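One structure is given here, and the rest of the page talks about it.
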Amino acid sequence: MRMTTSELRNAFLEYFRQQGHQVVASSSLVPHNDPTLLFTNAGMNQFKDLFLGLEQRAYNRAVSSQRCVRAGGKHNDLENVGYTARHHTFFEMLGNFSFGDYFKQDAIRFAWEFLTGVVKLPKEKLWVTVYETDDEAFDIWSQEIGVPVDRIVRIGDNKGAQYASDNFWTMGDTGPCGPCTEIFYDHGEHIWGGPPGSPEEDGDRYIEIWNLVFMQFNRHADGTMEPLPKPSVDTGMGLERIATILQGVHSNYEIDLFQALIKAAADAVGTSDLDNKSLRVIADHIRSCSFLIADGVMPSNEGRGYVLRRIIRRAVRHGRKLGADKTFFHTLVAALCEQMGEAYPELNTQRPIIEKVLRLEEEQFARTLDRGLQLLEDAIAELGEGTVLPGEVVFKLYDTYGFPADLTADVLRDRDISIDEAGFETLMQQQRERAKEASNFGVDYSKTIKVDGATAFTGYEHLAQPGKVTALFKDGEPVNALIAGEEGAVVLDTTPFYAESGGQVGDAGVIRMDDGLFVVKDTQKAGSGILHLGFMELGTLEVGEEVSAAVDGARRQATALNHSVTHLLHASLRKLLGEHVTQKGSLVEPERLRFDFSHLEAMSAQELREVEDMVNRDIRANLPVSTRLMDLEGAKQAGATALFGEKYDENEVRVVAMGEVSTELCGGTHVGRTGDIGLFKILSESGIAAGVRRIEAVTGEAALAYLHQLDHEIAQAASLVKGDTFSVSAKVRQVLDRSRQLEKEIEQLKGKLAAQAGASLLEQVRDINGNKVLVANLEGVDAKSLRGTLDDLKSKLQSGVVVLGTVSGDKVSLIAGVTKDLTGKVKAGELVNMVAQQVGGKGGGRPDMAQAGGSEPAALPAALDSVTSWLSERL
């Protein structure tokens with residue numbers, strides 16, 4: 000059955016919806032609260048806490064089409080994307096999931112029915128693999144489904160694999176794991192390759208299309224396998240792969256979605272060669288880049304932003320290879336929205352910001368290419384013909400300026416200079432290892448505190464609440480009691496303590512018992528339970544004991560002021576700067592607040608003043624703050640803003656409204672009316688990543704204290720410049736003007752001293768083989784004056800070599816000059832490098848002038864003395 004990619008996605012979701020599965024929207028490519036992942040790379044990522052037993056939801060079976068990014072690692076090298084049939088940076092993973100509901104039998108039946116019944120794949124074309132000892136799965140396939148045993152392959156341990164086996168899946172070194180069964184499609188005898196498990200399995204004839212993971216065990220750090228109380232199912236089928244089969248093509252790049260993007264890319268760069276692999280690269284990369292930006296990632300030099308930047312630049316380089324002479328990449332967003340905007344509406348809503356970010360990044364890359372070329376020219380100046388450009392220079396050009404090694408080689412080829420490919424590859428491999436380590440943090444899930452049962456939160460209404468101890472933990476392990484002096488975690492059946500969430504820090508306070516006191520320093524979530532973290536100050540606390548929990552009210556109120564004002568700030572920023580502004584994170588503490596938002600430019604002083612004024616007007620308006628519980632869809636239809644990176648329950652969310660100004664989904668604690676905030680003052684605005692800005696601010700008493708401190712500092716400054724509060728800027732300007740004038744006069748005097756020193760230096764000129772040579776240590780001369788002194792001496796000598804050195808503190812400055820008639824014999828760069836190496840430094844420059852530095856002043860006299868013998872061999 001031939002289906003478009005969109006039809007296939009819809010058919011998959013609808014089939015499993017009819018089988019009682021909850022259709023769950025794709026989560027962000029930025030994993031929520033998961034330090035083990037750089038990007039969402041599988042459909043199960045958003046359900047990880049469910050599989051770990053740390054979270055409960057209203058459904059126990061789900062289906063999704065999850066957007067994923069893989070841009071590194073053993074099987075996803077970026078360099079392969081576009082050149083193989085199935086490598087991608089971005090792909091969609093179709094998956095159905097069971098959380099302690101159905102298991103192997105139904106999972107296998109669902110997969111077979113979908114493939115052979117819904118999309119009509121020929122049964123005889125399908126092969127399956129099972130784990131070598133999983134007789135249960137083997138029997139289901141052979142006896143219930145009817146797959147011939149000669150098309151069922153048992154796959155055993157692969158000792159060289161990262162997690163010790165094929166067809167046995169683990170979440171990491173520890174945690175949920177279990178056997179899996181994979182479904183393969185046979186493309187036919189005309190394509191080389193053997194069935195799974197055979198020596199020819201790496202061929203393209205048999206292609207894996209679906210993996211069904213059966214989570215049966217919990218692996219501990221010592222390797223023991225504990226059966227899970229509720230076995231679960233996690234499956235994944237690549238949308239692009241199954242679309243390839245249904246559309247009768249062999250490469251993912253030949254399916255309808257990619258063909259449309261390839262055509263758009265060809266039009267944008269001006270080529271008619273639709274088979275060019277560079278178009279595949281561009282078509283793949285526009286998907287990953289657009290979705291990453293839509294999910295809040297901005298180009299930068301570290302972490303996720305660095306990966307995004309590399310992908311953008313790779314696409315742009317391939318566009319230039321095809322002849323693109325102007326920015327083109329951002330123009331492809333429109334074609335992507337046509338193909339995927341219906342399935343992912345956020346592409347349409349974020350389209351303006353995506354296009355702008357891509358355009359600015361491409362323009363910046365054009366500038367860095369120019370700087371890279373200049374660096375390359377400087378490096379070439381120090382090399383002779385027939386030499387080799389060091390690998391570290393090639394790597395710097397690539398890593399810092401995005402300058403590909405093959406382009407570097409092309410530039411050097413006409414000059415008979417090669418590149419150190421081995422050295423470059425060594426540095427590249429080191430970078431790959433660093434990236435691999437950065438994307439796998441290795442959390443021991445078996446050590447995660449697991450809380451059975453739920454804690455009822457009453458903190459919206461109460462600051463004090465009686466409760467019963469349901470669990471105690473010490474060093475992450477459950478205990479029956481905590482005694483005075485011990486640190487630990489307390490779980491209550493009911494608590495007024497707010498657990499850290501949505502950027503708001505956890506509450507602090509005390510838990511009292513008849514003969515003791517537990518001091519709560521922080522409050523965190525653990526599944527449906529709430530952990531009170533702190534220490535026993537007095538007495539003993541036991542499981543089952545009745546206690547009284549009391550939140551630090553002043554700390555809670557100060558936090559509430561800062562949390563409520565983030566809502567007003569968000570609304571004001573959107574009103575002033577535009578609807579593209581979305582929250583990208585926040586930190587709400589008692590002392591201050593931090594608010595991150597999407598915006599491509601620094602805010603001006605006038606814009607900051609306007610936002611501050613708008614927020615304070617809303618505070619003075621004393622708007623009522625109301626909360627309602629609604630289902631997620633109803634809340635969105637009511638105009639509530641969902642915050643970036645947060646997970647929400649589909650059945651019930653808390654909607655916080657502040658008059659008509661702001662309506663947001665939020666579980667935090669807030670003031671009763673906006674007037675309670677009192678005063679709002681912005682402390683700073685800065686950039687934390689490309690396209691992401693940060694505002695730090697204070698409210699209430701902290702804002703008043705800040706203004707008092709500001710008044711004090713201004714008064715102090717006014718006193719120092721003999722002015723008053725309102726004339727201090729004019730007085731400071733006078734002082735600065737006078738300071739600049741004095742600095743200018745000092746520089747002029749230094750120049751005169753250097754010139755006088757230079758004139759007397761002519762008496763020290765010596766003759767080496769008929770050539771004038773001057774070598775001198777200029778004591779007390781400023782390093783900045785060396786260049787002017789050198790030029791003056793060369794002019795007076797007309798023909799000769801000059802080497803000057805000076806010491807300032809613990810630093811040595813060197814400069815060498817060679818008149819043009821002698822550069823055929825002596826290169827200034829080689830000369831100054833020879834001297835610099837003797838004083839613990841290095842340098843370089845043009846054949847006629849070069850500079851260097853060093854860190855060993857005591858070695859300077861001997862280093863300068865060596866110049867004469869060095870020149871004697873060359874002049």
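Quick note: the sequence shown uses numbering that gives the first Met the number 0, first residue 0, plus one each step. Glycine included, C-beta positions come from ideal geometry on N, C-alpha and C. These figures come from a predicted structure and were not determined experimentally.
{"Asked": "Would you mind listing the beta strand (DSSP E) stretches within the stretch 574-625 that are 3+ residues and don't spill past its ends, in chain order?", "Found": "582-587, 592-597"}
{"Asked": "Tell me which same chain residues have a C-beta within less than 7 Å of the C-beta of Gly528, skipping the five on either side of it?", "Found": "Val450, Gly452, Ala453, Thr454, Val490"}
{"Asked": "Residues in the same chain with beta-carbon distance under 7 Å from Pro175, minus the five sequence neighbours each way, listed in chain order, please.", "Found": "Phe50, Leu51, Met214, Asn217, Leu227"}
{"Asked": "Nearest-angstrom Cα distance between Asp415 and Thr386?", "Found": "7 Å"}
{"Asked": "For Leu777, which three-state DSSP category applies?", "Found": "coil"}
{"Asked": "Assuming Arg286 is part of the beta strand (DSSP E), what are its boundary residues?", "Found": "Counting along the chain, Arg286 falls outside any beta strand (DSSP E), though it belongs to the alpha helix (DSSP H) covering 276-293."}
{"Asked": "For Ser164 and Leu114, what's the separation of their Cα atoms in angstroms?", "Found": "For Ser164, the predicted structure reports a pLDDT of 43, less than 50, and the residue's modelled location is therefore unreliable. A value from the coordinates is still provided. Their Cα atoms are separated by approximately 27 Å."}
{"Asked": "Ile310 and Val332 - do their beta-carbons sit closer together than 8 Å?", "Found": "no"}
{"Asked": "Can you list, in chain order, the residues of its chain whose CB lies under 7 Å from that of Gln464, leaving out five sequence neighbours each side?", "Found": "Thr457, Thr493, Thr494, Pro495, Ala548"}
{"Asked": "Hey, how far is the Cα of Ser798 from the Cα of Ala815?", "Found": "14 Å"}
{"Asked": "Could you check whether Ser289 and Leu346 sit closer than 8 Å to each other, using their CB atoms as the reference points?", "Found": "yes"}
{"Asked": "Tell me Val720's beta-bridge partners as DSSP assigns them.", "Found": "BP columns for Val720 are empty, so no partner."}
{"Asked": "Pairing CB atoms from the stretch 538-557 with CB atoms from the stretch 506-514, are three or more of them under 8 Å?", "Found": "yes"}
{"Asked": "Which of helix, strand or coil does DSSP assign to Val825?", "Found": "coil"}
{"Asked": "If you draw a straight line from the C-alpha of Gln429 to the C-alpha of Gly422, how long is it?", "Found": "11 Å"}
{"Asked": "Per the DSSP calculation, Phe216 is bridged to which residue(s)?", "Found": "Cys176, Pro226"}
{"Asked": "At least one CB of chain D closer than 8 Å to the CB of Arg593: is that the case?", "Found": "No chain D is part of this structure, which consists of one protein chain only."}
{"Asked": "To the nearest angstrom, how far is it from the Cα of Val811 to the Cα of Ala835?", "Found": "9 Å"}
{"Asked": "How many Å lie between Glu253 and Met43 at the Cα?", "Found": "28 Å"}
{"Asked": "Can you look up Asp443 in the DSSP assignment and give me helix, strand or coil?", "Found": "With a pLDDT of only 45 at Asp443, under the threshold of 50, the placement of this residue in the model should not be trusted; the figure read from the coordinates follows. Coil at Asp443, not helix or strand."}
{"Asked": "Using only the alpha-carbon positions, how far apart do Gly538 and Ala483 sit?", "Found": "5 Å"}
{"Asked": "Per DSSP, what kind of secondary structure is Lys680 in: helix, strand or coil?", "Found": "strand"}
{"Asked": "Are there three or more Cβ pairs, one per stretch, closer than 8 Å when the stretch 576-588 is compared with the stretch 515-526?", "Found": "no"}
{"Asked": "What is the rounded straight-line gap between the Cα of Ser585 and the Cα of Gly502?", "Found": "5 Å"}
{"Asked": "Confirm the yes/no value for this check: CB of Asp100, any heavy atom of the ligand SAH, distance under 7 Å.", "Found": "No copy of the ligand SAH appears in this structure; indeed no ligand is present at all."}
{"Asked": "The alpha helix (DSSP H) spanning Met339 covers which residue range?", "Found": "332-339"}
{"Asked": "Measuring alpha carbon to alpha carbon, tell me which of Leu481, Gly322, Ser865 ends up nearest Val831.", "Found": "Ser865"}
{"Asked": "By the DSSP assignment, the beta strand (DSSP E) with Pro477 in it spans what residues?", "Found": "476-478"}
{"Asked": "Out of Phe11, Leu335, Glu112, point me to the one whose CA is closest to Glu143's CA.", "Found": "Glu112"}
{"Asked": "Per DSSP, which residues does Phe456 bridge with? Please list them.", "Found": "Thr494"}
{"Asked": "Taking the beta strand (DSSP E) that Arg150 belongs to, which residues open and close that run?", "Found": "First-last for Arg150: undefined, no H or E at that position."}
{"Asked": "Going by the beta-carbon positions, is the gap between Tyr397 and Thr668 smaller than 8 Å?", "Found": "no"}
{"Asked": "Taking all protein chains shown into account, do 16 or more other C-beta atoms lie within 10 angstroms of the C-beta of Gly302, making it buried, or fewer, making it exposed?", "Found": "exposed"}
{"Asked": "Taking the alpha carbon of Leu321 as the point to measure from, which residue in Ile281, Arg627, Gln55 has its own alpha carbon closest?", "Found": "Ile281"}
{"Asked": "Smallest Cα separation from Arg786: which of Thr425, Lys749, Val610?", "Found": "Lys749"}
{"Asked": "If you reduce the DSSP assignment to three classes, tell me which class Asp864 lands in.", "Found": "helix"}
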